[in-house]
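Enquirer:
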Amino acid sequence: MKSVLKNTILGLFAVGLLAGCASKGVEYDDNGNSVDNRMNEVAVSDEEAMNSSANSNGTNSTNNLQKVTNESVNRVQSDIDGKVVLLESVHFAFDKYNLTDEMRDVTTSNYVKIDEAAQSYSDLKIKLEGNCDEWGSDEYNYALGLKRAKATKDALVADGVDEKKIIMVSFGESNPVCTQKNTACWKMNRRVDYRLLP
Amino acid sequence: MLKILLFFICFEFAFSLDATMEIVKNKSTLPTISVVAATDSNKENALDQKLMKLIQKDLQVSCHFNDATVSIDSEFIERPKYKLLSENGIDLYLVFKIDINEEKKYIVDVKLYDVNSNSLVLNKTYTTISYARYPFIAHKIAIDVNKHLNAPSIQWMDNFVIFSRYLDSKTSEIVISDYTLTYQKVVVKGGLNIFPKWASKKQDAFYYTSYRGTIPSLKKQNLYTSEVETLLTSDGMIVCSDVSDDGKKLVLTMAPNSQPDIYVYNTETKLKKRITTYSGIDVGGSFVENDQKIVFISDRLKYPNIFAKKIDQNGVERLIYHGRNNSQATTYDDFIVYASRETDNEFGSNVFNLYLISTKSDYVRRLTTNGRNQFPKFSSNGESILFIKTANRSYLGIIRMNYNKSFLFPLKSGKLQSIDW
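Line by line, the protein sequences give chains U and R.
Sequential numbering from -7 applies to the first sequence in my numbering.
Sequential numbering from 345 applies to the second sequence in my numbering.
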C-alpha cells in the first residue's frame, strides 16, 4: 500500500515536471552565464617554499635523521653533534595505545641512550611521533597516534626525563614505514618513533 | 485539484525533511531526457563529448530524469525531430553548441525542448575563458534544467569540494574540485596539509592543519589571495572539525595538555573553551541544535562511539547503540550519519559502512553495503551525503538518500584524506 502511494506521488511529480515544461515560456539569457567569476583568482600557497629552513618533519635541517628498517623492528637514527643515537620504535597492538611489558622495556632501553646523549648535550629535546595503521578513521587515527605518543612520553617521564623536554606530534596514518597490505606491515606502522632534536 | 495540490505539498515536504524515506524506484514515472551536442558544435579537444557526458551524469545524479537510450542528432538551429523523439519515448530534448571566439572564450549555447508540447522552453548561454572549467558549465546547465522543471534543488552541484590527498609519507596537498573530481586545482602544496574545512558557506576561505614547524598548527587561507593566517598551534594534533553556520565559531580537536579533547574557538574574541575533559580520546566534534550542542567521537566505552554534550552542561549523552567501532559522524538537524567498522580484523581487510539515524527515533538505516566507506559529510540541504570510498583507489562517493542511489567518482592519483563541501 505504501509503495503504491509513493509511486502515485512520484507519478504526480513527473506529471508536474512535464506540466512545468509546457506552462512556462521560453527563458532566454543572452547576457552570458560565466563560471569564471569565482575562479579567476584562486591562488596557491606552497608550504615547502614557506618552510625552506625546515624539512617536512618540521625538524631542524641540521638534525640528520634516517630511518633504519630491520624486519619487524623500526629504528630511527639521530645524529647529535656527530654522535649517532639509534632509538627503537615502540609498537602497539591493533586499536590500542597502552604499552605492553615488552614495549615498556624498549622505552627503558631508549631512555638509557637518551640519558647518555643528554649528558653531553643539555638542551636536547625529544620528539615523539605517534603513528597508526590504515584501519581507523582519519581524525580518530590522529588522536590514537597522539595517545600512543603520550603513553611513551609517560614512560620516559617515569624513567626520569623532564617532561618539558618532550614534544609530541601525531601523524595518524600519513607516515607508514611499510605500505604493503599485510599484517606484518600494519603492525610496523602502529608505532611511536623517537627523534632527538639538538 | 485541491487533492493534487495537497499531494504536491506533501511530496515537497517529504523530500526536504524526511531523509529516512524509502523511495521505491520507478523509472517510468520520471521524464526521459536526451542530451546531445549539436552536429555543428566546435569539437576541439572533444569538449563537446565531455560536456555532453557530464551533463548526462549530472542529470543522472539528480535522480529527477531518465537517460534516453537513443541519441538523435541535429544542428543547433534545426527544429527538433519531435515525431522521432516522441516515438523513442523522449520527453525532453537538450541540444547545445560550443563556439570559441577570437578571445579564446568558450561560449556554450543551450536549448531545451519539451517534446510533448513541441516547444522550446529554455534558451541560455554559458561562458568560460578556461577549458578546464567546463565541469562547472555542465553543472550550471543541469541545475538550470532541473530548476526550470521545478524539481527539488541540485544547486549543491555548483559548490566547490575541498579535499586533502596523501601523495607520499608525510606529504599531502589540498585541492578544490567540483563534486565529480573532473575539475581540480591544488591550493596548498608542500609538506603535510590535512583536514581542510570551508570557513563559511561563501567558500572563499578555508581552515586546515599544517605540519610546518615543530608542532601542528591550524591555519586559515584565503582562496583568492593565498593569504595565510595561523590561528592556533597545539602539541600533538589540531583539527578544525566543524564551523558554525555564521562562521564565527569553530569546533576543534586539540591537545594543549597532551590530551585530545573537543574545544570551541570563537574567531572574533580569539578565545577557546574546552568542552570535553575525558582522559581518553575525544575527537571529531560537530555542532547540532543551533550550535548549543556538540556531537563527537569518544572511546569512553573502550571503543570509538558517538556521543553528544551540551556546551554549557556536564552530562554526556550516548547517541549510538549499534556497532562496536563508530569513529566518524556528520550531522544535519536531527539526523546523524556515521561510519561504522563492521569487522574487527587485525589480519585482513575491514568493512566500513555508513548508517543514518534520527535523534528523535530508534530508526537506523544502512546507506552502504560493502567495502570501505568513510568520512561522511551532509550536503547543505541535508538531502545528500558525500563520502570517501577506499578500494584499490580512492573514490568520492555521493549518496542521494531520498532516491536510494549512490554514485562514485575516482581520484586519479593519491589517496583521499578528508573532504568538505
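Glycine residues also receive a C-beta, built at the ideal position from the N, C-alpha and C atoms.
Provide the residue span of the alpha helix (DSSP H) that contains tyrosine 586 of chain R, from first to last.
Expert: Residue identity check: residue 586 of chain R is aspartate in the sequence provided, not tyrosine. No alpha helix (DSSP H) holds aspartate 586 of chain R; the beta strand (DSSP E) holding it covers 582 to 587.
Enquirer: Would you kindly check if the distance between the Cβ of valine 82 of chain U and the Cβ of arginine 187 of chain U is under 8 Å?
Expert: No.
Enquirer: Alpha carbon to alpha carbon, how far is serine 623 of chain R from leucine 395 of chain R? Give it in angstroms, no decimals.
Expert: Their Cα atoms are separated by approximately 53 Å.
Enquirer: Would you report the Cα separation of aspartate 512 of chain R and tyrosine 113 of chain U, rounded to the nearest angstrom?
Expert: Cα-Cα distance, rounded: 33 Å.
Enquirer: Look at aspartate 185 of chain U and glutamate 126 of chain U and say whether their C-beta atoms are less than 8 Å apart.
Expert: Their beta carbons are not under 8 Å apart, which means aspartate 185 of chain U does not touch glutamate 126 of chain U by this criterion.
Enquirer: For asparagine 610 of chain R, I'd like the list of residues in its chain whose CB is within less than 7 Å of its CB, leaving aside the five on either flank, ordered along the chain.
Expert: So the list reads Lys592, Lys593, once near-sequence residues are dropped.
Enquirer: In terms of residue numbering, what span does the alpha helix (DSSP H) encompassing threonine 134 of chain U cover?
Expert: Reading the sequence as shown, one finds tyrosine at residue 134 of chain U and not threonine. Note, tyrosine 134 of chain U: alpha helix (DSSP H), 130 to 151.
Enquirer: Any beta-carbon of chain R closer than 8 Å to the one on alanine 147 of chain U?
Expert: Judged by the 8 Å Cβ criterion, alanine 147 of chain U is not in contact with chain R.
Enquirer: Pick from R:Pro479, R:Ser516, R:Ser497: whose alpha carbon is nearest that of phenylalanine 325 of chain R?
Expert: Nothing about residue 325 of chain R can be read from this structure; chain R reaches only from 345 to 765.
Enquirer: The stretch 157 to 183 of chain U: which residues have C-beta closer than 7 Å to a C-beta of chain R, in chain order?
Expert: Within the stretch 157 to 183 of chain U, the qualifying residues are Ile159, Met160, Val161, Ser162, Phe163, Ser166, Asn167, Pro168, Thr175.
Enquirer: Could you tell me the boundaries of the alpha helix (DSSP H) in which valine 405 of chain R lies?
Expert: Its alpha helix (DSSP H) spans residues 391 to 406.
Enquirer: Suppose you measure from the CA of valine 169 of chain U to the CA of methionine 160 of chain U; what does that come to, to the nearest Å?
Expert: Each residue's Cα considered, the two are about 19 Å apart.
Enquirer: Spatial neighbours of isoleucine 434 of chain R within its chain, please: C-beta separation below 8 Å, excluding the five flanking residues on both sides.
Expert: Around isoleucine 434 of chain R: Thr376, Ile377, Ser378, Ala412, Val414, Ile416, Val459.
Enquirer: Mapping DSSP to helix, strand and coil, what is isoleucine 766 of chain R?
Expert: Since the first and last residues shown for chain R are 345 and 765, residue 766 of chain R lies out of range.
Enquirer: Could you spell out where the beta strand (DSSP E) holding valine 104 of chain U opens and where it closes?
Expert: No beta strand (DSSP E) contains valine 104 of chain U, which is instead part of the alpha helix (DSSP H) from 93 to 112.
Enquirer: So, do the stretch 131 to 139 of chain U and the stretch 597 to 608 of chain R have three or more beta carbon pairs nearer to each other than 8 Å?
Expert: Yes: the two stretches touch, three or more of their Cβ pairs being nearer than 8 Å.
Enquirer: Aspartate 28 of chain U versus chain R: which residues are under 8 Å apart at the beta carbon?
Expert: Neighbours of aspartate 28 of chain U on chain R, chain order: Thr471, Thr472, Ile473, Ser474, Arg477.
Enquirer: For a contact defined as C-beta to C-beta under 8 Å, what are the partners of leucine 116 of chain U on chain R?
Expert: Those do not exist, as leucine 116 of chain U stays about 14 Å from chain R at its closest Cβ, beyond 8 Å.
Enquirer: Give a yes or no on whether 8 Å exceeds the smallest Cβ distance from glutamate 94 of chain U to chain R.
Expert: Not closer than 8 Å to any Cβ of chain R, the Cβ of glutamate 94 of chain U fails to qualify, so no.
Enquirer: When DSSP labels each residue in this structure, what does asparagine 746 of chain R get in the three-state scheme?
Expert: Of the three classes helix, strand and coil, the one that applies to asparagine 746 of chain R here is helix, per DSSP.
Enquirer: How long is the line joining the alpha carbons of aspartate 151 of chain U and phenylalanine 84 of chain U, rounded to whole angstroms?
Expert: Approximately 20 Å, taken between the alpha carbons.
Enquirer: Please compile the residues from chain U whose C-beta is within a distance smaller than 7 Å of the C-beta of methionine 581 of chain R.
Expert: Those are Tyr134, Ala135, Leu138, Ser162, listed as they occur along chain U.
Enquirer: Name the one or two DSSP bridge partners that threonine 597 of chain R has.
Expert: Answer is R:Val583, R:Ile606.
Enquirer: Just to check my reading of the structure: valine 583 of chain R and glutamate 165 of chain U have Cβ atoms closer than 8 Å, yes? What is that Cβ distance to the nearest angstrom?
Expert: Contact doesn't hold; Cβ gap of about 14 Å is too wide.
Enquirer: Could you give the distance in angstroms between the alpha-carbon of lysine -6 of chain U and the alpha-carbon of isoleucine 701 of chain R?
Expert: Its pLDDT being 40, under 50, lysine -6 of chain U is placed unreliably in this model, and the coordinates cannot settle the point.
Enquirer: Considering only their Cβ atoms, is the gap separating glycine 629 of chain R from threonine 597 of chain R smaller than 8 Å?
Expert: In contact: threonine 597 of chain R and glycine 629 of chain R (Cβ atoms closer than 8 Å).
Enquirer: Taking only the alpha-carbon atoms, compute the straight-line gap between lysine 88 of chain U and isoleucine 625 of chain R and give it to the nearest angstrom.
Expert: Taking the straight line from one Cα to the other gives about 12 Å.
Enquirer: If you reduce the DSSP assignment to three classes, tell me which class proline 424 of chain R lands in.
Expert: Reduced to three states, the DSSP call for proline 424 of chain R is coil.
Enquirer: Determine the DSSP secondary structure at proline 496 of chain R, reduced to helix, strand or coil.
Expert: In this structure, proline 496 of chain R counts as coil in the three-state DSSP scheme.
Enquirer: Can you say whether isoleucine 742 of chain R is buried or exposed, counting buried as having 16 or more other CB atoms within 10 angstroms of its CB?
Expert: Its Cβ being crowded by 16 or more others within 10 Å, isoleucine 742 of chain R is buried.
Enquirer: Against chain R, with Cβ distances strictly below 8 Å, would lysine 142 of chain U count as a contact?
Expert: It does: the Cβ of lysine 142 of chain U has a partner Cβ on chain R nearer than 8 Å.
Enquirer: Quick one, which residues of the stretch 489 to 522 of chain R are near chain U if we go by CB-CB under 8 Å, in chain order?
Expert: Under the 8 Å Cβ criterion, the stretch 489 to 522 of chain R contributes His492, Leu493, Asn494, Ala495, Tyr510, Ser513, Lys514, Thr515, Ser516, Ile520.
Enquirer: Sort R:Thr469, R:Ser474, R:Ala495, R:Tyr475 by Cα distance to isoleucine 485 of chain R and report the nearest one.
Expert: Cα-wise, what sits closest to isoleucine 485 of chain R is R:Thr469.
Enquirer: Who are the neighbours of threonine 597 of chain R on chain U, taking C-beta pairs under 9 Å?
Expert: Here the neighbours are Glu131, Tyr134, Ala135.
Enquirer: May I ask you to report which of helix, strand or coil DSSP gives valine 161 of chain U?
Expert: It is a strand residue.
Enquirer: Beta strand (DSSP E) containing lysine 179 of chain U: first to last residue?
Expert: From DSSP, lysine 179 of chain U is part of no beta strand (DSSP E) but of the alpha helix (DSSP H) over 175 to 181.
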